[in-house]
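Below is one structure, written out as structure tokens; the observations come after it.
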Amino acid sequence: VGGSGPNAFVQKRRSLPVTIEREMGGATSVSKVQMQALDALVQEVSGASARLDTLESLAPALLLKVRSLEAQQAFDAGEVARATQIAQVIQRTRGSAGGAASDDEEWAPENELTVGLLHVIRNLAHDAEPQLEFTDVLGQVLWHNRASKALRDTRYRAVVEDLSWMDRGVQAWSGPDVSLGEMVSGVFYALTDRGDGRMKHTKWLRVVRLIECSPVLQPRTKRSDCDRLFYAQTHQRGGSSTGITCREFKRLLFELSDAMQVHPLTMFLAVGSHAERLA
Numbered sequence: 112v113g114g115s116g117p118n119a120f121v122q123k124r125r126s127l128p129v130t131i132e133r134e135m136g137g138a139t140s141v142s143k144v145q146m147q148a149l150d151a152l153v154q155e156v157s158g159a160s161a162r163l164d165t166l167e168s169l170a171p172a173l174l175l176k177v178r179s180l181e182a183q184q185a186f187d188a189g190e191v192a193r194a195t196q197i198a199q200v201i202q203r204t205r206g207s208a209g210g211a212a213s214d215d216e217e218w219a220p221e222n223e224l225t226v227g228l229l230h231v232i233r234n235l236a237h238d239a240e241p242q243l244e245f246t247d248v249l250g251q252v253l254w255h256n257r258a259s260k261a262l263r264d265t266r267y268r269a270v271v272e273d274l275s276w277m278d279r280g281v282q283a284w285s286g287p288d289v290s291l292g293e294m295v296s297g298v299f300y301a302l303t304d305r306g307d308g309r310m311k312h313t314k315w316l317r318v319v320r321l322i323e324c325s326p327v328l329q330p331r332t333k334r335s336d337c338d339r340l341f342y343a344q345t346h347q348r349g350g351s352s353t354g355i356t357c358r359e360f361k362r363l364l365f366e367l368s369d370a371m372q373v374h375p376l377t378m379f380l381a382v383g384s385h386a387e388r389l390a
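Under the working numbering, the first residue of the sequence shown carries the number 112, and numbering increases by one thereafter.
Pasting the structure below:
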């Protein structure tokens with residue numbers, strides 16, 4: 112992706128829905144809502160199963176699916192176990208709530224399991240090579256558990272599907288005004304401009320061809336997965352439609368990144384990088 116492409120697109124992009132980050136006033140607010148959603152998830156999961164009511168069992172259950180930017184498992188079982196041990200030492204030293212949130216965050220959970228898990232996530236994100244953003248790990252964990260009752264709650268549904276946590280990885284080289292979610296939205300609207308605002312299967316196949324331009328994603332792309340996931344998006348809750356909305360399009364890209372076992376940033380960047388050319 113050219114270094115100036117995303118910045119050029121930002122200058123002429125159309126008006127698009129703002130992200131939770133902008134609505135709430137910055138990355139710290141996003142992190143706060145993510146942590147609250149994680150707390151709700153932890154309480155549900157640990158309460159439903161005695162096998163997941165300790166930090167030693169809960170941490171790997173939630174964190175081993177997190178992907179690195181190199182399309183690999185971000186943390187292995189040994190790394191999660193070591194981070195868990197460190198978190199337990201921190202909790203004993205500082206008390207159950209001490210240090211759960213960073214200095215610029217206004218919220219810390221009361222649930223000791225959530226406190227411990229947040230310590231684990233911070234340790235793992237900091238020690239990862241390359242380093243991962245705290246909000247990146249939280250965003251992936253919430254997405255992978257989006258079907259849980261806790262995260263289907265109206266209080267947390269929006270943050271689960273919000274993509275602003277991915278922007279930090281792009282902003283590191285493209286500048287603070289770049290929004291990956293808006294770039295992907297730009298591709299959607301460019302391909303559906305003359306239609307009814309829904310992306311039909313033929314346009315989705317065009318997106319698949321854009322994805323196949325990525326040397327990382329091309330060998331992982333299976334048309335059967337692309338067709339199956341598109342069909343699932345157009346046949347939800349017993350109904351059917353001929354196309355998908357922009358929100359469903361982003362959800363579809365996320366699900367495709369899951370199927371390919373790559374970091375969602377890789378998928379969204381592969382698609383969003385074409386926004387300027389298609390505009």
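Backbone N, C-alpha and C define an ideal beta-carbon position, used for all residues, glycine too. If you're wondering where the values come from, they're calculated on a predicted model, not measured in any experiment.
For residue i, the residue or residues it bridges with in DSSP
i	result
Q242	According to DSSP, which records beta bridges pairwise, Q242 is partnered with nothing at all.
G354	K311
R233	Note: R233 sits in no beta bridge, so no partner.
R388	Its beta-bridge partners do not exist; DSSP assigns none.
R178	Q184
Boundaries of the alpha helix (DSSP H) in which residue i is found, first to last residue
i	result
D338	R334 to T345
A188	A188 to R205
Y300	L291 to T303
M378	P375 to G383
R268	R268 to E272
Own chain, CB closer than 7 Å to residue i, minus 5 neighbours either side, in chain order
i	result
E155	S259, K260 and A261
R331	M371 and V373
R233	F245
S157	L163, D164, L169 and L224
F299	M310, C357 and F360
Own chain, CB closer than 8 Å to residue i, minus 5 neighbours either side, in chain order
i	result
A301	A386, L389 and A390
R309	T303, S352, T353, G354, I355 and T356
D150	P220, N222 and T225
D336	L367, A370 and M371
G349	none
R358	E272
V191	A170, P171, L174, L175, V231 and L235
R257	R263, V271 and E272
A188	P171 and L175
S179	A185, A239, P241, L243 and H374
W218	K143, M146, Q147 and A212
Distance between residue j and residue i (C-alpha atoms, nearest Å)
i	j	result
L249	V153	12 Å
A170	D307	44 Å
T165	A182	29 Å
V295	Q251	18 Å
W315	W254	22 Å
R193	R362	33 Å
Y342	V319	14 Å
S140	L291	18 Å
R266	S142	14 Å
W276	H312	29 Å
A239	R317	35 Å
T345	A159	32 Å
F186	D338	30 Å
E167	Q196	8 Å
Q147	M378	27 Å
L340	A161	33 Å
V200	Q347	46 Å
K333	Q145	32 Å
G101	L364	There is simply no residue 101 to check, as the chain begins at 112 and stops at 390 in what is shown.
R205	H237	20 Å
Chain-order list of residues whose beta-carbon lies under 6 Å from that of residue i (same chain, five-residue window excluded)
i	result
Q202	G227
L173	V252
A198	G227, H230 and V231
S325	A381
V177	A185, V248 and Q251
L328	I322 and A381
L274	G292
R305	none
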